[in-house]
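In my numbering, the protein residues as written are 202 to 542.
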Amino acid sequence: MTRVPSPRRIVALGGGTGLPNVLRGLRFLLERDELEDLVAVVTMTDDGGSSGRLRRSRGLPPPGDLRNCLVALAAEEDLMARLFQHRYGGTEELGGHAVGNLILAALAEQTGSFLKAVELSSRVLRVAGRILPATLDSVSLAATMEDGSCIVGESQITSCAKRIRRVELEPAPALPTPGVLEAIRDADIVVLGPGSLYTSVVPHLLVHGIADALRETRAVVVLVANLVSEPEEADGLDAAAQLQVVEQHAGGEFADAVLLHDGPIDADTLARYEAEGCHPLAWPALAGSGVRVHRRNLVACGHKIRHDPRATAEALVQVWRETLALRQPETRGRRASTHGA
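Quick look at the structure:
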């Protein structure tokens, strides 16, 4: 019997709630020995809430998105994982802080290394795979709006109702964390998204060398589209327009495929989202991009519209197989036409 090939190395880039959900699905592939290596690369521009307070008071990189990824890849989301996610109530000094953020901050101060703090926390939680900050540089996200105004700070950008023209990191260049570029170049699949377009997905492409690594890698690069539109920072942008925004910030094409949800969504849940200005994200029939769009039923059961972790992981493997079957040995898909082999 011919063995169906499986990807051995996967890198997932993102932040917010989208990346942990993808990681939960990919963790099952590791547990079934279908993967050799799983690397999560986490965006580092958060300046709100507990993370923002620790950035300002302790001079540390924002730990919140990293903490969520640690828990998502924990061997079992048991007592220790729940402890990391516990958030203090109240408005006093501890109020609003997540325990895991404080643990990461304490370990960073004890060891003198934020990266070492993530590594030690990974051991405590028995994390499957590796978690790397996209950059260890202290950077802020700055957005130029369509009206020409500029807003600095991720939390300010997400709360602004203006249309965004472009975002960048300040100060630039931000250097990648050691191991990030190598992981991308050595991967079989690189996953970008899902997540907030300008604050979870695009910031990775602004870190020095990441966009080039995405074009150079032999991996199948997949953009996982959001399930619904974003009513503020990406208002009115369908999946094709979002891909265009992503590749414009990257300085050129790099994606081989887009993974898009295609299936029913609970009517009551959808009505609640639509009342807030969110609508199912679609790929227009007349979109001019040459990227291959793969449609799968990706929605999880529940009162929130979220990606199903296992369905998403299985779909990514299917996309990898289908892309390799079509790819010529000497090319890198779409990237070959503009960037060479």
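Even glycine gets a Cβ: it sits at the ideal position worked out from N, Cα and C.
Remember, it's a predicted structure, so these values are computed and weren't measured experimentally.
Identity of the residues DSSP links to residue i by a beta bridge
i    : result
C351 : T345
R496 : L461
A481 : Note on residue identity: the sequence assigns Pro, not Ala, to residue 481. Answer by DSSP bridge pairing, in chain order: V429.
V403 : Paired residues: none, contrary to the question.
G215 : V243
H508 : V500
V421 : I390
I332 : A241
A456 : The partner list for A456 (beta bridge, DSSP) is empty, contrary to what the question assumes.
R210 : D238
A275 : V328
R195 : Past the boundaries of the shown model lies residue 195; the chain is included only from 202 to 542, so the question cannot be answered.
Whether residue i touches residue j by CB criterion (7 Å)
i    : j    : result
A440 : L482 : yes
A458 : V423 : yes
G330 : D266 : no
P395 : V425 : yes
V381 : V242 : yes
G226 : A514 : yes
R268 : N302 : yes
R497 : A516 : yes
V391 : V212 : yes
I332 : V319 : yes
T292 : P404 : no
L321 : L308 : yes
L393 : A451 : no
S356 : D463 : no
A526 : V492 : no
Own chain, CB closer than 6 Å to residue i, minus 5 neighbours either side, in chain order
i    : result
R327 : A276
C361 : I352
R288 : A299
L274 : L224, R228, V328, A329 and G330
E477 : none
E448 : E454
G250 : none
E523 : none
P295 : A quick correction: the sequence has Leu, not Pro, at residue 295. Within the same chain, L295 has close Cβ partners Y289.
K363 : M346
E232 : none
L214 : V242, L393 and H405
V240 : V212, R331 and A384
P206 : none
E235 : S207
G297 : S251
A537 : Low per-residue confidence applies at A537: pLDDT is 47, beneath 50, and the placement is therefore not dependable, though the value from the model is reported in the following sentence. Once the five neighbours on either side are set aside, A537 has no close Cβ partner at all.
P510 : N222, R225 and G226
7 Å CB neighbourhood of residue i in its chain, flanking five on each side removed
i    : result
H540 : Low confidence applies to H540: its pLDDT is 37, below 50, so where it sits in the model is not reliable enough to give any reading.
R366 : T345, M346 and E347
E237 : R209 and R210
V494 : V459, L461 and W484
I506 : L428, V429, I466, T470, Y474 and V500
S252 : P263, P264, G265 and N302
A388 : R210, I211, V212, T418 and A420
W521 : P208, D389, I390 and V421
L376 : T336, D338 and H409
A306 : L255, R259, L261 and P264
L444 : L424, A456, V459, S490 and V492
Proximal residues to residue i (C-beta, below 8 Å), its chain only, five neighbours per side dropped
i    : result
V272 : P221, E278, A282, F285, Q286, G301 and L326
H480 : V429, S430 and Y474
M202 : Note that M202 scores a pLDDT of 46, beneath 50, so its modelled location is shaky; the value from the coordinates is reported in the next line. Excluding positions up to five away in sequence, the list is empty.
Say whether the region 278 to 287 touches the region 408 to 416, bearing in mind that this needs 3 or more beta-carbon pairs closer than 8 Å, one atom from each stretch. When Cβ pairs closer than 8 Å are counted between the two stretches, the region 278 to 287 is seen not to touch the region 408 to 416, the count staying below three.
Validate contact between the region 433 to 447 and the region 397 to 411 using beta carbons, cut 8 Å, 3 pairs: Yes, the region 433 to 447 touches the region 397 to 411.
Scan the region 361 to 414 and note each continuous alpha helix (DSSP H) run of 4 residues or more that stays entirely inside, going in chain order. Whole alpha helix (DSSP H) segments, 4+ residues: 381 to 387 and 403 to 406.
The region 333 to 342 / the region 369 to 385 touching (three or more Cβ pairs under 8 Å): Here the region 333 to 342 lies against the region 369 to 385, with 3 or more beta-carbon pairs under 8 Å apart.
Are the region 256 to 271 and the region 308 to 317 in contact at 8 Å, needing three or more beta carbon pairs? Touching, per the Cβ criterion.
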